[in-house]
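Residues in the sequence shown are numbered from 1 upward in steps of one, following full-length UniProt numbering.
All residues carry an ideal CB built from backbone N, CA and C; glycine is no exception.
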Amino acid sequence: MPVEPLKSQAYNLPQQAIQIYLDNKESLQRQTCPDTALIYRYILMAAIRLQNWPMVEEVVQALQAERLASDVQGKELNIINNIGVAYRKAGQTDDALAHYRCALTYAETHDARALIKINIAIVHRNAGQPAVGFRLLEGIEEEYLPNVILAGLHVAKGNTALQIKRYDEAKYAYRKAREHYLAMKDDRNAQAVVPNMLVAALATNDLTAYDQLRPLSTLVPELLSDHGHHFIQWLDTFRSYSSAKKLTQAQQEKLLQTEVIGPDYLEFVALLSSRYGLNQDVIQRIVQKSRNPPLPGALAKHWCGSM
1 MPVEPLKSQA YNLPQQAIQI YLDNKESLQR QTCPDTALIY RYILMAAIRL
51 QNWPMVEEVV QALQAERLAS DVQGKELNII NNIGVAYRKA GQTDDALAHY
101 RCALTYAETH DARALIKINI AIVHRNAGQP AVGFRLLEGI EEEYLPNVIL
151 AGLHVAKGNT ALQIKRYDEA KYAYRKAREH YLAMKDDRNA QAVVPNMLVA
201 ALATNDLTAY DQLRPLSTLV PELLSDHGHH FIQWLDTFRS YSSAKKLTQA
251 QQEKLLQTEV IGPDYLEFVA LLSSRYGLNQ DVIQRIVQKS RNPPLPGALA
301 KHWCGSM
């Protein structure tokens, strides 16, 4: 199984990466070359992007195999951090925090510690503590951080600033994030941050900015996920109602059609729809998700003795 193409597929074409894994699963289970652990790590990334929780659990278990111990050694930080991301995306905030805190014990550089602190701040925001998250993010020294971490830091700052209604700071942070992504020629994430910018524009009723930015959100359609596409459609609907002081019943029902919107976007839907008092249904979806955890706890116990 070629490793380098798989890395690109895990990031850009995760479903394709998963299919390649499934086609080679049996041979991979017998394989003991150094690339085996790396392949599993890429598949873990792909599974998290697709929110394929059974696959996440399966791959984490595979990485704990004794035959891979020497190849996994030194890569624990990456694996545990990714497991924390999986828990965060699954809405399991306590599990995410536990895994990020464990990951911090493996973080030996400023870059690594910054990355984990960003993720911890995101969990606090998701747990309804955006002010705590914002303080954590402001405490991260940006000097000498690489573009990839700076971009993530600014996206997290923007999202958290939105929640505490610091809109100018949110807009600035998103612009900086996009600049860093473009500097890395990361077109996917440069486009993916545009919907966040659209949310900030709608939150301040800046329709001119919305209309100027909107084409950038779908500039390369194949870089847009289904969840992202549905979210942008929802934003367009909200923008079309933005001049209304009160919505008709039909308009309310249209905004409440959020079933096809991915969980990563629900906080923005809740934030905007609160203008019309329609955010309770969305909040209920978020709460409901946390009550039905798709992942078992302590997936990284093998590397985290405190769990």
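The C-alpha of N147 is placed about 11 angstroms away from the C-alpha of D186. If you draw a 10 Å sphere on the C-beta of S243, you find fewer than 16 other C-beta atoms in it, and that means exposed. With contacts defined by Cβ atoms closer than 8 angstroms, A103 and L63 do not form a contacting pair. Boundaries cannot be given for W303, as no alpha helix (DSSP H) includes it and DSSP labels it neither H nor E.
Within its own chain, the residues whose Cβ lies closer than 6 angstroms to the Cβ of T32, once the five positions on either side in sequence are excluded, are R67, listed in chain order. Note on L136: 16 or more other CB atoms within 10 angstroms of its CB, so buried under the neighbour-count rule. Here N126 has R88, T93 as same chain residues with Cβ atoms under 7 angstroms from its own Cβ, once five neighbours each way along the sequence are excluded. Check the Cα spacing between E179 and each of Y167, A151, A156, A203: the tightest is with A151. Per DSSP, the unbroken alpha helix (DSSP H) holding D226 starts and ends at 226-241.
When secondary structure is reduced to three states using DSSP, V220 falls in the coil class, being assigned neither helix nor strand. With distances taken between CA atoms, R214 lies nearest to L202 out of P14, G158, L202. Beyond the five residues adjoining it in sequence on each side, E76 comes within less than 7 angstroms, by CB distance, of Y106, W303 in the same chain, given in chain order. Considering only A47, N189, H110, the residue with the shortest C-alpha distance to G139 is H110.
In terms of CA proximity to Y144, A114 leads the group I48, A114, P294.
Remark: C-beta atoms of S225 and L198 do not approach each other more closely than 8 angstroms. The count of Cβ pairs closer than 8 angstroms, one atom from the region 19-27 and one from the region 261-275, stays below three, leaving the stretches out of contact. Around V132, the same chain offers H124 as residues with beta carbons nearer than 6 angstroms, after the five sequence neighbours per side are excluded.
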